[in-house]
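Undergrad: Residue numbering for the sequence shown is -19 to -1, 1 to 159, as defined by mature numbering (1 follows the signal peptide of the UniProt record, and there is no 0).
Where a beta carbon is used, it is the ideal one built from N, C-alpha and C, also for glycine.
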Amino acid sequence: MTRYAFSFLLATLAVLSRASPLDSTQIALTGGDTVHTTDDWGYTDCGLPTDPIQITSIVVTPDPPQPGKNMTVKVKATAIERVEEGAYADVTVKLGLIKLLHKQFDLCEEARNADTDVKCPVEPGDYEVEQTVELPKEIPKAKFVVNVRGYTADDDDLVCLDLRVNFMKRPFFKSLGF
Ligand SMILES: *[C@@H]1O[C@H](CO)[C@@H](O)[C@H](O)[C@H]1NC(C)=O
């Protein structure tokens, strides 16, 4: 499952880089379970304990993410129910209060395209997915919010994740080597 979360995020990034003049919106990453919350990024697991996909943890390296550098995101999740073909997610990306993107993703399709080894149907079990993306140097100095609402093929809740990344105080000087 994790892979799904991942796939959405990656897909979000990909879509943003295609669709938005701010191709830097990439943000994404980092989400979780109300567990990790710093000024730089955080995530909230807005799902129910009965949702088929339970996010266990999301770790971002480096932390905080650095524009112009590779970011590795490791997501651990547990599928407590089988996830069938047809599962999908509505993803909304906001820059501050501005909605940049609202798109529905076919999760199984994204998983296949993301070259992960998780394939639908996904059997119950623990999953760990690690993906690396290169963050553009020109990411807007702003706060990004990514809302992920996943649903099963039958339109039942699947997973719910809210992510936020704050590039407002990104370390310009540090990245310049000072
Ligand atoms: C990110 O990782 C890829 C693949 O390992 C590498 O080719 C690329 O140079 C890296 N980019 C940066 C900015 O480190």
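Using three-state DSSP, classify Leu139 as helix, strand or coil.
TA: The answer is strand: DSSP assigns Leu139 an E or B state.
Undergrad: Using a Cβ-Cβ cut-off of 6 Å (strictly less than) and excluding sequence neighbours within five positions of Glu65, which residues of its own chain qualify?
TA: Correct list, in chain order: Pro102 and Ala134.
Undergrad: Assuming Pro30 and Leu139 make a contact with CB atoms under 8 Å, what is their CB distance in whole Å?
TA: No, Pro30 and Leu139 are not in contact; Cβ-Cβ is about 13 Å, not under 8 Å.
Undergrad: Buried or exposed for Thr6, please, with buried defined as at least 16 other CB atoms from any protein chain shown within 10 angstroms of its CB.
TA: Legend: pLDDT at Thr6 = 31, less than 50; position of this residue unreliable, no value from coordinates given.
Undergrad: When the Cα of Val40 is compared with those of Gly28, Cys27 and Lys57, which residue comes out closest?
TA: Measuring from the Cα of Val40, the nearest candidate turns out to be Lys57.
Undergrad: Using only Cβ atoms and a threshold of 7 Å, which residues come within that distance of a heavy atom of ligand 1? Order them by chain position.
TA: Working through the chain, the matches are Gly49, Lys50, Asn51, Thr113 and Glu115.
Undergrad: Would you report the Cα separation of Ser(-3) and Ile120, rounded to the nearest angstrom?
TA: Here Ser(-3) scores only 40 on pLDDT, less than 50, and its place in the model should not be relied on; the value that follows carries that caveat. Cα to Cα, the separation comes out at about 11 Å.
Undergrad: Let's test the definition: count the other Cβ atoms within 10 Å of the Cβ of Asn147 and tell me whether it reaches 16, buried, or not, exposed.
TA: The residue in question, Asn147, is buried, as its Cβ has 16 or more Cβ neighbours within 10 Å.
Undergrad: According to DSSP, is Ala92 part of a helix, a strand, or is it coil?
TA: Three-state result, Ala92: helix.
Undergrad: Measure the alpha-carbon distance for Asp137 versus Lys122 and round it to whole angstroms.
TA: Distance between the alpha carbons of Asp137 and Lys122 is about 36 Å.
Undergrad: Can you tell me which of Lys124, Thr19, Asp26 and Tyr132 puts its alpha carbon nearest to the alpha carbon of Leu81?
TA: Of the candidates Lys124, Thr19, Asp26 and Tyr132, the one whose C-alpha sits nearest the C-alpha of Leu81 is Lys124.
Undergrad: Rounded to the nearest angstrom, what separates Lys100 and Leu88 at their Cα positions?
TA: Whole-angstrom Cα-Cα distance: 10 Å.
Undergrad: Does Met52 come out as helix, strand or coil in the three-state DSSP assignment?
TA: Reduced to three states, the DSSP call for Met52 is strand.
Undergrad: Measuring alpha carbon to alpha carbon, tell me which of Trp22, Tyr69 and His83 ends up nearest Asp44.
TA: Checked all of Trp22, Tyr69 and His83; the closest Cα to Asp44 is Trp22.
Undergrad: Go ahead and pull the three-state DSSP assignment for Phe148.
TA: Three-state result, Phe148: coil.
Undergrad: Could you tell me the alpha carbon to alpha carbon distance between Thr59 and Lys75, rounded to whole angstroms?
TA: If you take the alpha carbons of Thr59 and Lys75, they lie about 27 Å apart.
Undergrad: What are the uninterrupted segments assigned as beta strand (DSSP E) that are 3 or more residues long and contained completely in the stretch 23 to 92, given in chain order?
TA: Listed in chain order, the complete beta strand (DSSP E) runs (minimum 3 residues) inside the stretch 23 to 92 are 34 to 42, 51 to 60, 69 to 76 and 79 to 87.
Undergrad: Using the three-state DSSP reduction, which class does Ala113 fall into: helix, strand or coil?
TA: In the sequence as presented, Ala is not what sits at residue 113; that position holds Thr. Thr113 falls in the strand class under three-state DSSP.
Undergrad: Looking at the unbroken beta strand (DSSP E) that takes in Val103, where does it start and where does it end?
TA: Looking at the DSSP string, Val103 is not in any beta strand (DSSP E), and its letter there is neither H nor E.
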